[in-house]
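The numbering used here applies: residue 4 is where the sequence shown begins, and numbers increase by one. Right, one structure below, let's go through it.
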Amino acid sequence: MEIERVASGSGIPERPIAMFDSGFGGLTVARAVIDLLPGEDLVYFGDTGRYPYGSRPLEQVREFAVQISDRLVADYDPKMVVVACNTATAAALSVLRERISVPVIGVIEPGLRSLLEVTSTGRVGVIGTVGTVASGSYQRAVAESRPEVELVCAACPGFVEFVERGDTRSDQVRVLAERLLAPIQAADVDALLLGCTHYPFLARTIGDVMGRGVTLVSSADETAFAVARILESTGLRSSRREGGTQRFLSSGDVDAFAHLGRRLLGPELGVVEAHRWDIT
Ligand code: DGL
4 MEIERVASGS GIPERPIAMF DSGFGGLTVA RAVIDLLPGE DLVYFGDTGR
54 YPYGSRPLEQ VREFAVQISD RLVADYDPKM VVVACNTATA AALSVLRERI
104 SVPVIGVIEP GLRSLLEVTS TGRVGVIGTV GTVASGSYQR AVAESRPEVE
154 LVCAACPGFV EFVERGDTRS DQVRVLAERL LAPIQAADVD ALLLGCTHYP
204 FLARTIGDVM GRGVTLVSSA DETAFAVARI LESTGLRSSR REGGTQRFLS
254 SGDVDAFAHL GRRLLGPELG VVEAHRWDIT
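Here it is as structure tokens:
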């Protein structure tokens, strides 16, 4: 299981927290961090020019994650890096922790912690991208920490594309959800982890399909709590308790990012800065 790194960075609490995802999904984590830690500065990178990650080989996602983290560290000197993407966490968390001298946190461990707290029957589900589910990260983590828990995982290809198009409630996404969630319904789980940071934007649709007996769990809040805990324990928490700034970068269409991003995240998402990769 992913272990929260608590080694101190260079001890400068007023530096920003850097965060990245393939696109809009990590905004669910950004929202939770802004709400819990409003005094912290945040730099968010959405790699919309190269999304989706979930259908790419994990080696390639690892390369992208390393490239983005290196860039964020070089340009913004963050005090912490949050990998706000399950696929990138599965592919690259341990590599990033070896490479980067400040704390690096992913979304898999926090999400799983919430899921295991919520279940009372011990039968749980995780949905994620093809890459995340195929990586076996959740399956391994459960087998190591709570072998008595029955876990069923399902990949949900197509969900991310609906979110990136801003379609979270149409009949088409509902039909897809009914098909992709059928194995989870058949497994009679009482809790379902949205193991892709895009999926909380589809929570109404997923919740309608799964029914009231299944509690949906998102990794966003628990990840924000983990960020707060690490900042406190390493002395890296900003002395400010409000007034943190947010900065957003995208490798894709910045106007589209600003438009949909504001709808998904809220008013903190203002100007979006462009970032171009040489290789895509
Ligand atoms: N939001 C990401 C995740 O949590 C990746 C989605 C994608 O680009 O496929 O897995």
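Beta carbons: idealized from backbone N, C-alpha and C, even for Gly. Computed from a predicted model, the values in this text were never measured in an experiment.
Rounded separation between D281 and P81 - CA only: Here residue 281 is taken as the residue at index 278 of the sequence shown, counted from 1. Here residue 81 is taken as the residue at index 78 of the sequence shown, counted from 1. Rounded to whole angstroms, D281 to P81 spans 23 angstroms at the Cα level.
Entirely enclosed beta strand (DSSP E) segments - the region 133 to 158, minimum 3 residues: Within the region 133 to 158, the beta strand (DSSP E) runs of at least 3 residues that lie entirely inside it are, in chain order, 153 to 158.
Alpha-carbon spacing of E276 relative to D258, whole angstroms: Within the sequence shown, residue 276 is the residue found at index 273, counting from 1. Within the sequence shown, residue 258 is the residue found at index 255, counting from 1. Take the alpha-carbon of E276 and the one of D258: they are about 9 angstroms apart.
Three-state secondary structure assigned by DSSP to R276: Translated into positions along the sequence shown, residue 276 becomes position 273. Per the sequence shown, the amino acid found at residue 276 is Glu instead of Arg. Strand.
Paired residues, beta bridge with V129 - DSSP: For the purposes of this step, residue 129 is taken as residue 126 along the sequence shown, with counting starting at 1. The beta-bridge partner set that DSSP reports for V129 consists of C156, L196.
First and last residue of the uninterrupted beta strand (DSSP E) at D24: Within the sequence shown, the letter at position 21 stands for residue 24. Here the beta strand (DSSP E) through D24 covers 20 to 24.
Beta-carbon spacing of L268, A21 below 9 angstroms: Counted from its first residue, the sequence shown places residue 268 at position 265. Counted from its first residue, the sequence shown places residue 21 at position 18. Taking 9 angstroms as the cut-off, the Cβ atoms of L268 and A21 do not count as close.
The ligand DGL heavy atom lying under 8 angstroms from the CB of C199: Position 196 of the sequence shown, counted from the first residue, corresponds to residue 199. True, at least one ligand heavy atom lies under 8 angstroms from that Cβ.
Where L263 falls, given that 16 or more other Cβ within 10 Å makes a residue buried: Mapped onto the sequence shown, residue 263 falls at position 260. Its Cβ being crowded by 16 or more others within 10 Å, L263 is buried.
Cβ shell of G42 (< 7 angstroms), same chain only, five flanking positions each side left out: Along the sequence shown, read from residue 1 onward, the residue named residue 42 stands at position 39. Excluding positions up to five away in sequence, the list reads S241, R243, R244, E245, G246, G247.
Beta-carbon proximity check, I111 vs S222, cutoff 9 angstroms: By one-based count along the sequence shown, residue 111 stands at place 108. By one-based count along the sequence shown, residue 222 stands at place 219. Cβ atoms of I111 and S222: closer than 9 angstroms.
Segment contact, 8 angstroms Cβ cut-off, at least three pairs: the region 192 to 204 with the region 142 to 151: Two segments are said to touch when three or more pairs of C-beta atoms, one from each, lie closer than 8 angstroms; by this definition the region 192 to 204 does not touch the region 142 to 151.
Spatial distance of V133 from C159 (CA atoms): Looking up residue 133 in the sequence shown gives position 130. Looking up residue 159 in the sequence shown gives position 156. When rounded, the distance between both Cα atoms is 7 angstroms.
Whole-angstrom distance between S173 and D78, CA atom to CA atom: Along the sequence shown, one-based indexing puts residue 78 at 75. Along the sequence shown, one-based indexing puts residue 173 at 170. Distance between D78 and S173, taken at the CA atoms: about 39 angstroms.
C-beta atoms of G29 and P55 nearer than 9 angstroms: The residue labelled residue 29 in the question sits at position 26 within the sequence shown. The residue labelled residue 55 in the question sits at position 52 within the sequence shown. For the pair G29 and P55, the CB atoms are not nearer than the 9 angstroms cut-off.
Range of the contiguous beta strand (DSSP E) that encloses G2: In the structure as shown, the chain starts at 4 and stops at 283, and residue 2 therefore has no counterpart that could be examined.
Beta-carbon gap between Y202 and F260 smaller than 9 angstroms: By 1-based counting over the sequence shown, the position of residue 202 is 199. By 1-based counting over the sequence shown, the position of residue 260 is 257. In this structure, Y202 sits away from F260, with a CB-CB distance that is not shorter than 9 angstroms.
Segment limits, alpha helix (DSSP H) that includes G210: The sequence position of residue 210 within the sequence shown is 207, counting from 1. That run of the alpha helix (DSSP H) goes 206 to 213.
From V105, S58, V98, residue whose alpha carbon lies closest to that of L234: Stepping through the sequence shown from its first residue, residue 234 is reached at position 231. Among V105, S58, V98, the Cα nearest to that of L234 is on V105.
Minimum length 3: unbroken beta strand (DSSP E) runs contained in the region 17 to 78: The region 17 to 78 contains these whole beta strand (DSSP E) runs: 20 to 24, 45 to 49.
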